[in-house]
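Comments concern the structure below.
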Amino acid sequence: MLLIRNLLVTIIKLFLLLMVISFEKVVGLPMIFVTLVLIFFVNDRNFYKYIYLVFGAAFLAIAYGLSMSFSLILLVFLVLAVSYGGNIIASDINRVLLLIYSLIILIAIVSQIVWQTKVVGYFIISSLVMIIILMKTLFFKHGLTGKITGKKSNFFR
Amino acid sequence: MKLKELVLLLLLILLFSLFEFVGWFSKIETLANKWLTPIYGIHISLVQKIKIPYDFVVFSFHKFKYMSQLESRYVKSLSELSELDKLREENIELRKLIENRDLKIQKTIVSAPIISLAYPAVGVGSNDGVEVNDMVLSNGMLVGTIDKVENYQSKVSLLSRHRNNKILAKTESGVEGVIDGDGKNVLLTQVPRNINLINGERVIAVGQEGIERNIFIGTLRIVDNNPSSPTQTAIVIQEITFYDAILLEVK
Numbered sequence: 000m001l002l003i004r005n006l007l008v009t010i011i012k013l014f015l016l017l018m019v020i021s022f023e024k025v026v027g028l029p030m031i032f033v034t035l036v037l038i039f040f041v042n043d044r045n046f047y048k049y050i051y052l053v054f055g056a057a058f059l060a061i062a063y064g065l066s067m068s069f070s071l072i073l074l075v076f077l078v079l080a081v082s083y084g085g086n087i088i089a090s091d092i093n094r095v096l097l098l099i100y101s102l103i104i105l106i107a108i109v110s111q112i113v114w115q116t117k118v119v120g121y122f123i124i125s126s127l128v129m130i131i132i133l134m135k136t137l138f139f140k141h142g143l144t145g146k147i148t149g150k151k152s153n154f155f156r
Numbered sequence: 000m001k002l003k004e005l006v007l008l009l010l011l012i013l014l015f016s017l018f019e020f021v022g023w024f025s026k027i028e029t030l031a032n033k034w035l036t037p038i039y040g041i042h043i044s045l046v047q048k049i050k051i052p053y054d055f056v057v058f059s060f061h062k063f064k065y066m067s068q069l070e071s072r073y074v075k076s077l078s079e080l081s082e083l084d085k086l087r088e089e090n091i092e093l094r095k096l097i098e099n100r101d102l103k104i105q106k107t108i109v110s111a112p113i114i115s116l117a118y119p120a121v122g123v124g125s126n127d128g129v130e131v132n133d134m135v136l137s138n139g140m141l142v143g144t145i146d147k148v149e150n151y152q153s154k155v156s157l158l159s160r161h162r163n164n165k166i167l168a169k170t171e172s173g174v175e176g177v178i179d180g181d182g183k184n185v186l187l188t189q190v191p192r193n194i195n196l197i198n199g200e201r202v203i204a205v206g207q208e209g210i211e212r213n214i215f216i217g218t219l220r221i222v223d224n225n226p227s228s229p230t231q232t233a234i235v236i237q238e239i240t241f242y243d244a245i246l247l248e249v250k
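Line order of the protein sequences matches chains A and B. Under numbering that gives the first Met the number 0, the residues of the first sequence are numbered 0 to 156, in order. Under numbering that gives the first Met the number 0, the residues of the second sequence are numbered 0 to 250, in order.
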């Protein structure tokens, strides 16, 4: 029963990822998609977390015309750097944000996205949405940022 | 993260690279793109709906700018009109003076067009004093010239058709070019690329044998040209064509 439930949840999450990447393909950069892949990977404790990474890489490659292995390397680098980068950038928030922004810029360069006004506008909006998602899920729930959990507004300080 | 997980991730990357090297992913990509196309369509329509307020604001701003330009052009036209009225009065007075000397200034023959797509003509000929290369005007706008004259009718060479005897023309701002036709449109051709053409400007004749100076030809509409070409071409819009005219003047 638990196995079926987990499978169902995974399928729903993958569908959500597919919807998000196809929407972001239309509007510009895969900001929320990358955030969601990271959150799903970090939050899940079972074997399914690798499925998000594999399918996430496939979706990213298909939507943005990257090579499959390159997009997998990007996502693996993101999760590894988030996990092991504490020695280089101590603040979890700064580390996650810096890595996500770097990844987005790299994807934009490789897939030759034109920085039109609308793309930049969506980039700003999706940055805000990404921060809200991170606050509500990864940092709040998972406690990656021990220092800010429980405090209300020092994320924007 | 444990070492086992790290090894698993590296193995995944290796597996992906291998599959990509073999070419299995290209088939998946083709298939996935086929499935994703309708989803993209849904998202595009969704984005367009979300963008409606933004588009409305941008559209309104552009319209506001356009209206301001129109207003300034209208004011300019009004001032030109008053100047033209003054000139017209002066012209009438001068004409009266010259006519009093029993001199005939200009012949003007009015006729109905004979409309045939293959053979545009006017119902006046050599018996009425029509000569080859006479101007054919519709409401004071040059639509063509007389190409061939018979006793009772004359063939008209329209500006919109390719012509051997080119007409020199210039815009209000003084940009000169050659009038030619592509079979459908009247074109202002041979304008050097470094000169800026302005949309909506009036095009008038420079003046040459058979064509009076300052005869109105049409208004300019800029078209995208081949950027590698040394010259640029613009369409000249004629509000009344030969085929729309009820009466034509032959001068």
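Yeah, the Cβ is synthetic: ideal placement off N, Cα and C, and Gly gets one too.
Practice prompt. Kindly say whether A/Lys24, judged by its beta-carbon, lies nearer than 8 Å to any beta-carbon of chain B.
Written response: Translated into positions along the first sequence, residue 24 of chain A becomes position 25. So yes, A/Lys24 belongs to the interface.
Discussion item. Closer than 8 Å between beta carbons: that is the criterion. Which residues of the region 36-70 of chain A meet it against chain B?
Written reply: Tyr49, Leu52, Val53, Ala56, Ala57, Ala60, Ile61, Ala62, Ser66, Met67, Ser68
Worksheet item: Considering A/Ala57, what are the terminal residues of the alpha helix (DSSP H) in which it resides?
Response: Start at 1 with the first residue of the first sequence, and residue 57 of chain A comes out as number 58. Per DSSP, A/Ala57 belongs to the alpha helix (DSSP H) from 47-63.
Fill in: Simplified DSSP assignment, three categories, for B/Val249
Locating residue 249 of chain B in the second sequence gives position 250, counting from the first residue. Reduced to three states, the DSSP call for B/Val249 is strand.
Worksheet item: Does DSSP classify B/Arg311 as helix, strand or coil?
Response: Within the shown structure, residues of chain B are numbered from 0 to 250, placing residue 311 of chain B beyond reach of any answer.
Practice prompt. Return the residues of the region 35-66 of chain B that lie within a Cβ-Cβ distance of less than 7 Å from chain A, sorted by chain order.
Written response: Leu35, Ile38, Tyr39, His42, Ile43, Val46
Worksheet entry | Neighbour-count burial assignment, B/Ala233, 16 or more Cβ in a 10 Å radius | Within the second sequence, the letter at position 234 stands for residue 233 of chain B. With 16 or more other Cβ atoms within 10 Å, it is buried.
Practice prompt. Would you kindly check if the distance between the Cβ of A/Met67 and the Cβ of B/Glu19 is under 8 Å?
Written response: Here residue 19 of chain B corresponds to residue number 20 of the second sequence, with the count starting at 1. Here residue 67 of chain A corresponds to residue number 68 of the first sequence, with the count starting at 1. In contact: B/Glu19 and A/Met67 (Cβ atoms closer than 8 Å).
Worksheet item: Of the residues A/Gly55, A/Ile72, A/Thr136, which one's Cα is nearest the Cα of A/Arg21?
Response: As a working mapping, residue 21 of chain A is identified with position 22 in the first sequence. The residue asked about is misnamed: residue 21 of chain A is Ser in this sequence, not Arg. Among A/Gly55, A/Ile72, A/Thr136, the Cα nearest to that of A/Ser21 is on A/Gly55.
Worksheet item: Which residues in the same chain have their Cβ closer than 6 Å to the Cβ of A/Met30, if we skip the five residues on either side of it in sequence?
Response: By 1-based counting over the first sequence, the position of residue 30 of chain A is 31. Cβ within range, chain order: Ile103, Ser125, Met129.
Worksheet item: A/Lys24 and B/Tyr39 look like a contact to me (Cβ under 8 Å); what is the Cβ gap, rounded to whole Å?
Response: What you label residue 24 of chain A is simply residue 25 of the first sequence in a count that begins at 1. What you label residue 39 of chain B is simply residue 40 of the second sequence in a count that begins at 1. With 8 Å as the limit, A/Lys24 and B/Tyr39 qualify as a contact, their Cβ atoms being about 7 Å apart.
Discussion item. Does the CB of A/Ile132 have a neighbour CB from chain B at under 8 Å?
Written reply: Taking the first sequence and counting its residues from 1, the one referred to as residue 132 of chain A is at position 133. The beta-carbon of A/Ile132 is placed no less than 8 Å from the nearest beta-carbon of chain B.
Discussion item. I'd like to know whether the C-beta of B/Leu2 is nearer than 8 Å to at least one C-beta of chain A.
Written reply: In the second sequence, counting from the first residue as 1, residue 2 of chain B sits at position 3. It does not: the Cβ of B/Leu2 has no partner Cβ on chain A nearer than 8 Å.
Practice prompt. Report, in whole angstroms, the separation of the C-beta atoms of B/Asn41 and A/Ile72, which I expect to be a contact under 8 Å.
Written response: Against the second sequence, residue 41 of chain B aligns to sequence position 42. Against the first sequence, residue 72 of chain A aligns to sequence position 73. Inspection of the sequence shows that residue 41 of chain B is occupied by Ile rather than by Asn. About 31 Å separates the two Cβ atoms, so there is no contact after all.
Worksheet entry | Rounded straight-line distance, which links the Cα of B/Leu186 to that of B/Thr230 | For this step, residue 230 of chain B is matched to residue 231 along the second sequence. For this step, residue 186 of chain B is matched to residue 187 along the second sequence. Rounded to the nearest angstrom, the two C-alpha atoms are 13 Å apart.
Discussion item. On the DSSP letters alone, give me the boundaries of the alpha helix (DSSP H) that B/Val109 sits inside.
Written reply: Looking up residue 109 of chain B in the second sequence gives position 110. Taken as a continuous stretch (DSSP letters only), B/Val109 belongs to no alpha helix (DSSP H), being part of the beta strand (DSSP E) at 108-110.
Worksheet entry | Buried or exposed by the 16-neighbour rule on C-beta atoms within 10 Å, applied to B/Pro226 | Here residue 226 of chain B is taken as the residue at index 227 of the second sequence, counted from 1. B/Pro226 is exposed by the Cβ-count criterion.
Practice prompt. Drop a sphere of 10 angstroms on the beta-carbon of B/Tyr65, count the other beta-carbons inside from all chains shown, and report buried for 16 or more, exposed for fewer.
Written response: Here residue 65 of chain B is taken as the residue at index 66 of the second sequence, counted from 1. Exposed, by the Cβ-count rule.
Worksheet item: Cα separation between B/Phe24 and B/Thr170?
Response: Taking the second sequence and counting its residues from 1, the one referred to as residue 24 of chain B is at position 25. Taking the second sequence and counting its residues from 1, the one referred to as residue 170 of chain B is at position 171. Going from the Cα of B/Phe24 to the Cα of B/Thr170 covers about 59 Å.
Item to complete: Report the partner residues of B/Ser254 according to the DSSP bridge assignment.
Response: The question about residue 254 of chain B has no answer, for chain B in this structure spans 0 to 250.
Item to complete: Assign B/Lys169 to one of three DSSP states: helix, strand, or coil.
Response: As a position in the second sequence, residue 169 of chain B is number 170, starting the count at 1. It is a strand residue.
Discussion item. If I measure Cβ to Cβ from B/Glu248 and keep anything under 6 Å in the same chain, skipping five residues before and after, which residues do I get?
Written reply: One-based indexing of the second sequence puts residue 248 of chain B at position 249. Sequence-distant Cβ neighbours of B/Glu248 in its own chain, meaning closer than 6 Å and more than five residues away, are Thr107, Val109, Leu136.
Worksheet item: For B/Tyr73, does the count of other Cβ atoms within 10 angstroms reach 16, so buried, or fall short, so exposed?
Response: As a position in the second sequence, residue 73 of chain B is number 74, starting the count at 1. When all chains shown are included, B/Tyr73 counts as exposed.
Worksheet item: Alpha carbon to alpha carbon, what distance is there between A/Val36 and A/Ile10?
Response: The residue given as residue 10 of chain A occupies position 11 in the first sequence. The residue given as residue 36 of chain A occupies position 37 in the first sequence. Cα to Cα, the separation comes out at about 13 Å.
Practice prompt. Could you please give the first and the last residue of the uninterrupted beta strand (DSSP E) stretch that includes B/Val235?
Written response: Taking the second sequence and counting its residues from 1, one reaches residue 235 of chain B at position 236. Residues 230-236.
Worksheet item: Which residues of chain B have a Cβ atom closer than 7 Å to the Cβ of A/Val75, listed in chain order?
Response: In the first sequence, the residue the question calls residue 75 of chain A occupies position 76. Result: Leu8, Ile12.
Worksheet item: Can the beta-carbon of B/Leu157 be found less than 8 Å from the beta-carbon of B/Val205?
Response: Within the second sequence, residue 157 of chain B is the residue found at index 158, counting from 1. Within the second sequence, residue 205 of chain B is the residue found at index 206, counting from 1. No.
Item to complete: Using the Cα positions of A/Tyr51 and A/Leu13, report the straight-line distance between them to the nearest angstrom.
Response: Residue mapping note: residue 51 of chain A aligns to position 52 of the first sequence, counting from 1. Residue mapping note: residue 13 of chain A aligns to position 14 of the first sequence, counting from 1. Each residue's alpha carbon lies about 7 Å from the other.
Worksheet item: Based on the DSSP output, what are the partners of B/Met140 in its beta bridges?
Response: As a working note, residue 140 of chain B is residue 141 in the second sequence. The partner list for B/Met140 (beta bridge, DSSP) reads B/Ser137, B/Phe215.
Worksheet item: What's the call for B/Val21, buried or exposed, on a 16-neighbour Cβ count within 10 Å?
Response: In the second sequence, counting from the first residue as 1, residue 21 of chain B sits at position 22. Per the 10 Å Cβ criterion, exposed.
Item to complete: May I ask which residues mark the beginning and end of the alpha helix (DSSP H) holding B/Glu28?
Response: The sequence position of residue 28 of chain B within the second sequence is 29, counting from 1. B/Glu28 -> alpha helix (DSSP H) spans 23-49.
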